[in-house]
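Residue numbers (this note's numbering): 28 to 624. C-beta atoms are modelled at their ideal positions from N, C-alpha and C, and glycine is treated no differently. One structure below.
Encoded structure:
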């Protein structure tokens, strides 16, 4: 038996040290939790009206058709009891094994013990039986409006996922095995990770998804060469250094979403859309938005259009000497680009030659998975929050997006970090995902109320800088790229908006994968393909039925489309001009701002 410095067996010494660490960490945890911001109940759960509607529908169903609900209950009791009896019969025969497991596989239960150990298998099976029963019971409730049905389904799934046995130490074999193998050190390390996360966010629990020290913007991600050639209170304008001797005459500007940082388009050289565009011979400008603090409380959609889009286009025209630019808008920036285009059409201003929309919603009749959060109870809560804070903080944005993929972005990372004691991975995409931004209070409410809730742009019109604009006012040649499994901007909803635009020249591309991977999909890997079609941009399903599949990235297809609208080639341009000196090297200063939020 080995002994430690104090004469105790090594295992006992390690246990004593771990217990001492736990005591110290517990004190830090209490101190960190004391800093937690006052919770806003309206942002913690749906309003009481949803509970009332669901319970009323359930009571009505029970009164009118009790057999329907009893059928689900009896089925649940029968399955649960049958599995219990089967497990008992196997044990009665002296076999330390579970009954045969023929159910579908669930990646949360990958550990072999879930299938071979009687205890863990019983816990798993009872959870899955209960989950199915809950889902079936909710599905059989009739009389709910479609929006309430979507919300019920969403919050039911949240509860089911939260109660998975993998999320609890006593019923997670991976965590228990690791704890035994490390003499409890994994649990101590997990507690350290938990305390560190709570301390880093002033009492709020935000799970660290990636190693914060593994990446530095401008050093090993976001490294494409260029310079900031203009700056105002809302954005920095980055012009990227040409890599070809000649470039197309018409410059290109990308407006990324201000909900996230723009360097998602330049994570590393091999998957950088920014580098690829420059390599194709385009003069590229990218807008890097300011990460706002409370002083930006009264910045609204008008400010983003006037001081953002119109100003960026004006400055690019001045730098290049060209009368027009081509523009790209990604996500919410695509929505605002469409608003800007409709405004310019009303003004008779032809400064934007063509537009490309990445995963953009302009018709919000289908709110997709955000339906749960776009009703009055939550939006009222957001109004209260921004009235107090001045901004909709990145904490609330991150939490909302994470709960749309709770198993992948909350529970599994929490298990690895807090139960297994693992360090967050050095993963650039997850690092970017955790590098959130705030939204100005006024802008957030205008967007949620006018566009998302009232769908004014696709309906009666949305007012921009005193002009009421509609989707039909978007008349420049356009290309829209949507993603097949996008849970933020569903591709059919994106298609519906494009179908209502007034342009005669429309191209639609449907990429495989989701909101990020479908866009950041460079040539060469051929991991995700895309669909193109000459069918009219009228009906999404008809277009999809007529579409042909192309293996690999959609970037070259779009590149050819853009070339045709970018003029002849000229000598490559230097960065800026005498009136626009380089103020800072790319990726600039705004992208690394970290105001509170």
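Query	Result
Go through the stretch 315 to 358 residue by residue and report every complete run of the alpha helix (DSSP H) that reaches 4 residues or more, in order.	338 to 347
Please classify residue 266 as buried or exposed, where buried requires at least 16 other C-beta atoms within 10 Å of its C-beta.	buried
Quick one: Cα of residue 160 to Cα of residue 405, how far?	28 Å
What's the call for residue 81, buried or exposed, on a 16-neighbour Cβ count within 10 Å?	buried
Return helix, strand or coil for residue 587, following the three-state DSSP convention.	helix
Short of 6 Å in beta carbon distance, which residues of its chain neighbour residue 255, apart from the five on each side in sequence? Order them along the chain.	263, 265, 610, 611, 615
For the beta strand (DSSP E) holding residue 505, just list the boundary residues, first then last.	505 to 510
Considering only the beta carbon of each residue, do residue 324 and residue 469 sit closer than 9 Å?	yes
Exposed or buried, residue 287, counting other C-beta atoms within 10 Å across all chains shown (16 or more means buried)?	buried
Would you mind working out which of 619, 162, 192, 399 sits nearest residue 150, comparing C-alpha positions?	192
How far does the beta strand (DSSP E) with residue 267 in it extend, from its first residue to its last?	262 to 267
Whole angstroms are fine: how far does the CA of residue 332 sit from the CA of residue 340?	11 Å
If we count Cβ pairs, one from each stretch, closer than 8 Å, do we get three or more for the stretch 443 to 452 versus the stretch 207 to 227?	yes
Report buried or exposed for residue 486, applying the criterion of at least 16 other Cβ atoms within 10 angstroms of its Cβ.	exposed
Look at residue 553 and residue 529 and say whether their C-beta atoms are less than 9 Å apart.	no
Identify, in the order they occur along the chain, each residue of the same chain with its Cβ nearer than 7 Å to the Cβ of residue 338, setting aside the five sequence neighbours on each side.	259
Going by DSSP, what residue range makes up the beta strand (DSSP E) through residue 254?	253 to 258
In this structure, how does DSSP classify residue 537 when only helix, strand and coil are distinguished?	strand
Using a Cβ-Cβ cut-off of 7 Å (strictly less than) and excluding sequence neighbours within five positions of residue 298, which residues of its own chain qualify?	547, 549
Cutting at 7 Å between CB atoms, please list the residues of its own chain near residue 388, excluding the five before and the five after it.	362, 516, 520, 521, 524
May I ask you to report which of helix, strand or coil DSSP gives residue 28?	With a pLDDT of 45 at residue 28, under the threshold of 50, the predicted position of this residue should be treated as unreliable, and no value is reported.
Take residue 458 and list the residues in its own chain whose beta-carbon comes closer than 6 Å to its own, dropping the five residues that flank it on each side.	237, 242
For residue 381, report the span of its beta strand (DSSP E) as first-last.	379 to 385
Here's a check: name, in chain order, each residue in its chain whose Cβ is nearer than 7 Å to the Cβ of residue 576, leaving out the five neighbours to either side.	556, 558
Going along the chain, which residues of its own chain have a beta-carbon closer than 8 Å to the beta-carbon of residue 273, five neighbours each way excluded?	308, 596, 597, 598, 599
Any idea what DSSP makes of residue 273, helix, strand or coil?	strand
Determine the extent of the beta strand (DSSP E) in which residue 516 is found, giving its start and end residues.	Residue 516 -> no beta strand (DSSP E), and no H or E assigned at all.
Using a 10 Å radius around the Cβ and a threshold of 16 neighbouring Cβ atoms, would you call residue 384 buried or exposed?	buried
Is residue 376 helix, strand or coil when you go by DSSP?	coil
One question on the structure: do residue 507 and residue 531 come within less than 9 Å of each other, judged by their Cβ atoms?	no
Runs of 4 residues minimum, wholly inside the stretch 448 to 501: which ones carry the alpha helix (DSSP H) assignment?	455 to 460, 468 to 473
Considering only residues of the same chain and omitting the five flanking positions on each side of residue 588, which have a CB-CB separation below 7 Å?	506, 534
Is it buried or exposed for residue 342, if we count other Cβ within 10 angstroms and need 16 for buried?	buried
Taking the continuous beta strand (DSSP E) assigned at residue 282, which residues delimit it?	279 to 282
Quick one: what does DSSP say residue 441 is sitting in, helix, strand or coil?	helix
Should residue 380 and residue 503 be called a contact, given that it needs their Cβ atoms to be closer than 9 Å?	yes
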